[in-house]
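Below is one structure; the comments refer to it alone.
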Amino acid sequence: MADKPAIDIELKAPKGDWRDARVEFRKGTFSNASPPKDLVHLGLPNPRKWQPTDLDWQLPPDWKRILLEGMKDRLARYRSFRLFMDVCVRCGACADKCHFYLGSGDPKNMPFARAELIRSVYRRYFTLSGRLFGSLAGARELTEDVVKEWFYYFYQCTECRRCSIYCPFGIDTAEITMIVRELLSLIGVSTHWITEPAGNCYRVGNHLGIAPHAFKDSLEFARDELRDITGLDIEIPINRKGAEVLFVMPSADYFATPHYYTLLGYMMLFHEIGLDFTVSAYASEGGNFGLFHSNDLMKRLNAKIYAEAKRLGVKWILGGECGHMWRVLHQYMDTMNGPADFLEMPVSPVTGTRFENAASTKMVHVCEFTADLLYHGKIKLDPSRNDEYVVTYHDSCNPARGMGLLEEPRYVLRRACNHFHEMPAKTIREYTFCCGSGAGLGNDENMEMRLRGGFPRANAVRHVREEHGVNLLACICAIDKATLPTLMDYWVPGVQVAGVHELLGNALVMTGEKQRATNLRGEPLAKEEVHA
Amino acid sequence: MKALLAAAAVIALALAGASAGAIPGGTVAVTVVLPYVAFLTLAAGIAWRVWQWAASPVPYRIPTTCGQQRSLAWIRTAPIDNPDTGIMAAIRVAIEALTFRSLLRNSRSHVSAGRLEFSEARLLWLASLALHWSLLVILLRHLRFVLQPTPFFVPPLDALDGFLRIGAPPLLITDVLLVAALLYLLGRRLANPLLRYMSLLTDYFALLLLLGIALSGMAMRYAAPVDLVSVKQLALALAAFHPVVPLAPSALLLVHLLLVSTLAIYLPFSKLAHFGGVFLSPTRNLANNSRRVRHINPWNRPVPTHTYAEWEAEYADKMKLAGLPVDGTDHGG
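Heads up: the sequence lines are chains A and B, in that order. The first sequence: position 464 = 474 (the numbering used here), numbered continuously. The second sequence: position 62 = 581 (the numbering used here), numbered continuously.
See the structure below:
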């Protein structure tokens, strides 16, 4: 960030009538539109050059019919959608649970208000009372202003599901957001930061559009770096048929920092235990920006993982650290693109543990895998190598509320670090606050809203920084690793961000390694005698 | 404004009930026709709503997990908040339905001096629980009017409800709780600027209608007692499909009946049908076992994909140069 915008956090009483749909697209609070080439790449409707600030969004002439038919179709296909349109009592328990509401003070960011933006349209066109009594029954016409309002507010939701756990009916705003974004995509309204990575992933293999030879270069570079740090030659096999395990990670792990240090950590671990694995250049993305766009696009991107596992003839799949990637792998993949009957029950080749919890999908989270190794004492750690760090752990939304992967990463962290402190209870585990940049919102043009949305998380980090001197925020999500550093720099300077497997890699005692002089970031380790 | 309109609607309904006795045919309409219409609408409406929800497919297994998953055998799980089996998911739903557990999680956030702070906020939970449990007990107590003999559990329920022994007839705790809860929920909706901003006319209407029902019912017990025997005769006759129009019913009874009938007709088509959410939400009533057991999407449909062969055709030359293995099958070059 070149210059720091001054952000006041203030929760004011709302003014006016929420049914007034007009939105001011203020710089810094929205994402740029998809350029035509993105939509052409993916075969999506209504490619054209436009921006949200345009007066005319160049919607197709029959946009209203498309949206209403799209709603009708989805009401018939998703019980969640129909139920969530019907059962809200507007009790307001969710109101102050959303990080975007807390950071922006904009009342339409209260989850029940966000949902009312489409619920009012549902009432008008799909319920008897709405048709009969109109606005008295809370119904609202679908207008172009409403489309713009949907775009603004449903791209100010990171699908984090925090509101859902407070709702007496389990109404999940993520589900509503996913459906509204899908509806908007039917008339060509989507964002560049989502459709470009999705297009790259579809054609090239990963969000960043790294072609296979560059992918190899990148992993070779990691091999060189690992040689410098450990003195060992750690090979990273690519597209190797007959390996036991296919390892899938988010592409940022091999092309961005601080993700990259997590990649080094995984590879050191796999080398140390002699895992028979391969990565794939074709399925070189675990993340799935299709999730932030539409059901079909999610499925199209996800299909590669099973296809590649089958082609390579592996027995099972191991997945790296990534939040939304695991939402897709855990709750959608097997249903969408399974059954994975060509794979076998995942069994740890080192401990013999059968991962019964992945018996059908055949995909194991790397934190589950590593925690099992540690529990059985199969790897040796020297946590003093992480002594410069006072660590806290940020639960990523999807592994926390879409999976329940809470203890595995903590088990690894507690073994790998000597100084670990939890943030306040209302801000971790199932109550965790989002980074504010998930679900495709982590672009630079949306910076002010990201910093606002990330404020509740940063606020909790600041608490443990002041209380315990925390200087490292550990997490298991690629979007976190990409966006939390910016958030920390703004709200809590002096806190770095790292993956769990980076800290594991630092602590991992490897057979035949040289005396470590630096951590995985190349920073000199504290003097040995201190820990003697 | 919305609250005033809603209040006006409820008052108009009450006045219509109060004056029904004076209008020819009014008594028949309120004591016989309306109760039947209301009962039928309620039964058919709820059946229709539940069918509509239950018949719509659940394409994905999407529970929101509120605790540790079952993964490695030695990690302690949260079997209810993160259910692993259908039975545990049913227990999760049952606890939610009986104790409103999610509302119990509630907290309030506020910003002071640029910091976010949290405080406890249990009143919404308490008021909701008081409202719903009182309604249930009151409904059960009313069985004494429509069933002969009176069900065995009703007299002890009455006794328990009136155990404070204040006044005669004894003040019933559920009556007090119901009115207090409704007033709290109403006051909260009006006093909290965020809620007032989002509240619809129907939100006020539902609360005021219930309040009208409670007050008219209580008036018949505490203020202007009605002849319970004739009320029971009316109710039993209705239940036996041999309606008898009472000769001179109390105006309060007519108000009460009209408001209750309105509620029954309104309920299936309004947010008051929110019970569906408690039992049918796929975020709550499913087990978090989607990696262990495959969930079937009934409408799972094919989508275009970019196959490995298509991909390799684009990159084969560069891959060979980089020393990456290629399948090199049927894409000529």
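Built from N, CA and C at the ideal position, the CB exists for glycine as well.
**Study point:** Integer Cβ distance of V529 (chain B) from G706 (chain B), believed to fall under 8 Å
**Key:** Within the second sequence, numbered from 1, the residue matching residue 529 (chain B) stands at position 10. Within the second sequence, numbered from 1, the residue matching residue 706 (chain B) stands at position 187. The C-beta distance from V529 (chain B) to G706 (chain B) rounds to 16 Å, too long to fall under 8 Å, and the pair is not in contact.
Review point. List, in order along the chain, the chain B residues whose C-beta lies closer than 7 Å to that of A86 (chain A)?
Key: Reading the first sequence from its first residue, position 76 is the one you call residue 86 (chain A). Within 7 Å of the CB of A86 (chain A), the CB atoms of chain B belong to S575, in sequence order along the chain.
Review point. Does the beta-carbon distance from V258 (chain A) to G296 (chain A) come in below 8 Å?
Key: Against the first sequence, residue 258 (chain A) aligns to sequence position 248. Against the first sequence, residue 296 (chain A) aligns to sequence position 286. Less than 8 Å divides the Cβ of V258 (chain A) from the Cβ of G296 (chain A).
Review point. Of all Cβ atoms in chain A, is any one closer than 8 Å to the Cβ of L683 (chain B)?
Key: As a first step, residue 683 (chain B) must be located in the second sequence, where it is residue number 164. At a cut-off of 8 Å between beta-carbon atoms, L683 (chain B) makes no contact with chain A.
Check your understanding: Which one of A:T187, A:F280 and A:D499 has the shortest CA to CA distance from L461 (chain A)?
Key -> Along the first sequence, read from residue 1 onward, the residue named residue 461 (chain A) stands at position 451. The option with the nearest alpha carbon to L461 (chain A) is A:D499.
Check your understanding: What does S626 (chain B) touch in chain A if you count any residue whose Cβ is under 7 Å from its own?
Key -> Within the second sequence, the letter at position 107 stands for residue 626 (chain B). Those are K436, listed as they occur along chain A.
Check your understanding: Given a threshold of 16 other Cβ atoms within 10 Å of its Cβ, counted over all protein chains shown, does P821 (chain B) qualify as buried or as exposed?
Key -> As a position in the second sequence, residue 821 (chain B) is number 302, starting the count at 1. Looking at its Cβ environment, which holds fewer than 16 other Cβ atoms inside 10 Å, P821 (chain B) is exposed.
Exercise for review: Report the partner residues of G509 (chain A) according to the DSSP bridge assignment.
Suggested key: Along the first sequence, one-based indexing puts residue 509 (chain A) at 499. G509 (chain A) pairs with A:C485.
Check your understanding: Quick one: which chain A residues come within Cβ less than 7 Å of Y834 (chain B)?
Key -> Translated into positions along the second sequence, residue 834 (chain B) becomes position 315. Ordered by position in chain A, the residues that pass the 7 Å Cβ test against Y834 (chain B) are A221 and P222.
Exercise for review: May I have the straight-line CA-CA distance separating H541 (chain A) from E331 (chain A), to the nearest angstrom?
Suggested key: Position 531 of the first sequence, counting from 1, holds the residue named residue 541 (chain A). Position 321 of the first sequence, counting from 1, holds the residue named residue 331 (chain A). Legend: pLDDT at H541 (chain A) = 46, less than 50; position of this residue unreliable, value from coordinates given subsequently. For H541 (chain A) and E331 (chain A), the distance between alpha carbons rounds to 30 Å.
Check your understanding: Enumerated in chain order, which unbroken segments of the beta strand (DSSP E) with a length of 3 residues or greater are wholly contained in the segment 53-97 of chain A?
Key -> The qualifying runs do not exist here; there are none.
Check your understanding: Closest Cβ-Cβ distance between L799 (chain B) and chain C: below 8 Å?
Key -> Protein chains in the displayed structure are A and B, and chain C is not among them.
**Study point:** 8 Å contact criterion, which L482 (chain A) and I239 (chain A) should meet: CB distance rounded
**Key:** The residue you call residue 482 (chain A) lines up with position 472 of the first sequence. The residue you call residue 239 (chain A) lines up with position 229 of the first sequence. About 19 Å separates the beta carbon of L482 (chain A) from that of I239 (chain A), a gap too long to meet the 8 Å contact definition.
Review point. Can you tell me whether DSSP reads W818 (chain B) as helix, strand or coil?
Key: Against the second sequence, residue 818 (chain B) aligns to sequence position 299. Coil, per DSSP.
Point to revise | I923 (chain B), buried or exposed, once every other Cβ within 10 Å from all chains shown has been counted against 16 | key: This structure gives no information on residue 923 (chain B), because the portion of chain B shown stretches from 520 to 852.
Exercise for review: Tell me, please, whether the CB atom of K226 (chain A) is closer than 8 Å to any CB atom in chain B?
Suggested key: Position 216 of the first sequence, counted from the first residue, corresponds to residue 226 (chain A). Using a CB distance cut-off of 8 Å, K226 (chain A) counts as an interface residue toward chain B.
Check your understanding: Any idea if F379 (chain A) is buried or exposed, counting beta-carbon neighbours within 10 angstroms, 16 or more meaning buried?
Key -> Within the first sequence, residue 379 (chain A) is the residue found at index 369, counting from 1. F379 (chain A) is buried by the Cβ-count criterion.
Point to revise | Buried versus exposed call for H375 (chain A) [16 or more other C-beta atoms within 10 Å across all chains shown] | key: Within the first sequence, residue 375 (chain A) is the residue found at index 365, counting from 1. It is buried - the Cβ of H375 (chain A) has at least 16 other Cβ atoms within 10 Å.
Check your understanding: Can you find at least 3 beta carbon pairs, one from the segment 308-316 of chain A and one from the segment 273-283 of chain A, that sit closer than 8 Å?
Key -> Touching, no.
Practice item. Using three-state DSSP, classify R337 (chain A) as helix, strand or coil. Key: Here residue 337 (chain A) refers to the residue found at position 327 when the first sequence is read from its first residue. In the structure shown, R337 (chain A) sits in a helix (DSSP, three-state: H, G or I).
Exercise for review: Quick one: list the residues of chain B neighbouring W28 (chain A), beta-carbon separation under 8 Å, in chain order.
Suggested key: Stepping through the first sequence from its first residue, residue 28 (chain A) is reached at position 18. The contacting residues are Y716 and M717.
**Study point:** Opening and closing residue of the alpha helix (DSSP H) in which S228 (chain A) lies
**Key:** Working through the first sequence from its first residue, we reach residue 228 (chain A) at position 218. Run containing S228 (chain A): P222 to T240, per the alpha helix (DSSP H) assignment.
Point to revise | Nonlocal neighbours in the same chain, by C-beta distance under 7 Å from L726 (chain B), ignoring five residues either side | key: Against the second sequence, residue 726 (chain B) aligns to sequence position 207. Cβ within range, chain order: L701, L704 and L705.
Practice item. Buried or exposed for T267 (chain A), please, with buried defined as at least 16 other CB atoms from any protein chain shown within 10 angstroms of its CB. Key: Residue 267 (chain A) sits at position 257 when you count from the first residue of the first sequence. Counting other Cβ atoms within 10 Å of its Cβ, T267 (chain A) stays below 16 and is therefore classed as exposed.
Review point. Thinking just about the alpha-carbon of each residue, which of B:R634, B:E831, B:Y785 and B:W644 is nearest to the one in F724 (chain B)?
Key: Within the second sequence, residue 724 (chain B) is the residue found at index 205, counting from 1. Out of B:R634, B:E831, B:Y785 and B:W644, B:Y785 has the C-alpha closest to the C-alpha of F724 (chain B).
Point to revise | Coarse secondary structure for P349 (chain A), derived from DSSP in three states | key: Within the first sequence, the letter at position 339 stands for residue 349 (chain A). Correct three-state label for P349 (chain A): coil.
Review point. Which residues of chain A have a Cβ atom closer than 8 Å to the Cβ of I581 (chain B), listed in chain order?
Key: For the purposes of this step, residue 581 (chain B) is taken as residue 62 along the second sequence, with counting starting at 1. Those are S90, D182, E185, Q341 and G412, listed as they occur along chain A.
Practice item. Please check if any C-beta of chain B sits within less than 8 Å of the C-beta of T371 (chain A). Key: Position 361 of the first sequence, counted from the start, is the residue given in the question as residue 371 (chain A). Cβ-Cβ to chain B under 8 Å: yes for T371 (chain A).
Review point. Can you tell which of A:S139, A:D263 and A:T288 has the C-alpha that lies nearest to the C-alpha of K491 (chain A)?
Key: What you label residue 491 (chain A) is simply residue 481 of the first sequence in a count that begins at 1. Nearest neighbour of K491 (chain A) by Cα position, chosen from A:S139, A:D263 and A:T288, turns out to be A:D263.
Point to revise | Contacts of Q606 (chain B) in chain A (Cβ-Cβ under 7 Å) | key: Taking the first residue of the second sequence as position 1, residue 606 (chain B) is located at position 87. Reading off the sequence shown, one finds Ile at residue 606 (chain B), where the question assumed Gln. Neighbourhood of I606 (chain B) in chain A, by CB distance below 7 Å: empty, with the nearest CB roughly 17 Å away.
**Study point:** H541 (chain A) in three-state terms, based on DSSP
**Key:** Within the first sequence, the letter at position 531 stands for residue 541 (chain A). Note that H541 (chain A) has pLDDT 46, beneath the 50 cutoff, so the model's placement of it is unreliable and no number is given.
Review point. What residue range is occupied by the uninterrupted alpha helix (DSSP H) comprising A280 (chain A)?
Key: Here residue 280 (chain A) refers to the residue found at position 270 when the first sequence is read from its first residue. Note that residue 280 (chain A) corresponds to Phe in the displayed sequence, not to Ala. Run containing F280 (chain A): H269 to I283, per the alpha helix (DSSP H) assignment.
Review point. Looking at C-beta atoms only, is the number of pairs between the segment 115-132 of chain A and the segment 24-32 of chain A that lie closer than 8 Å three or more?
Key: Flag = yes, the segment 115-132 of chain A and the segment 24-32 of chain A touch.
**Study point:** Rounded Cβ spacing between L697 (chain B) and I657 (chain B) (contact assumed at less than 8 Å)
**Key:** Taking the first residue of the second sequence as 1, we reach residue 697 (chain B) at position 178. Taking the first residue of the second sequence as 1, we reach residue 657 (chain B) at position 138. The Cβ separation is near 7 Å, so the contact holds.
Check your understanding: When burial is assigned at 16 or more other CB atoms within 10 Å of the CB, is M355 (chain A) buried or exposed?
Key -> As a first step, residue 355 (chain A) must be located in the first sequence, where it is residue number 345. By the neighbour-count criterion, in which a residue is buried when 16 or more other Cβ atoms sit within 10 angstroms of its Cβ, M355 (chain A) is exposed.
Check your understanding: DSSP three-state call for Y403 (chain A): helix, strand or coil?
Key -> Position 393 of the first sequence holds residue 403 (chain A). In this structure, Y403 (chain A) counts as strand in the three-state DSSP scheme.
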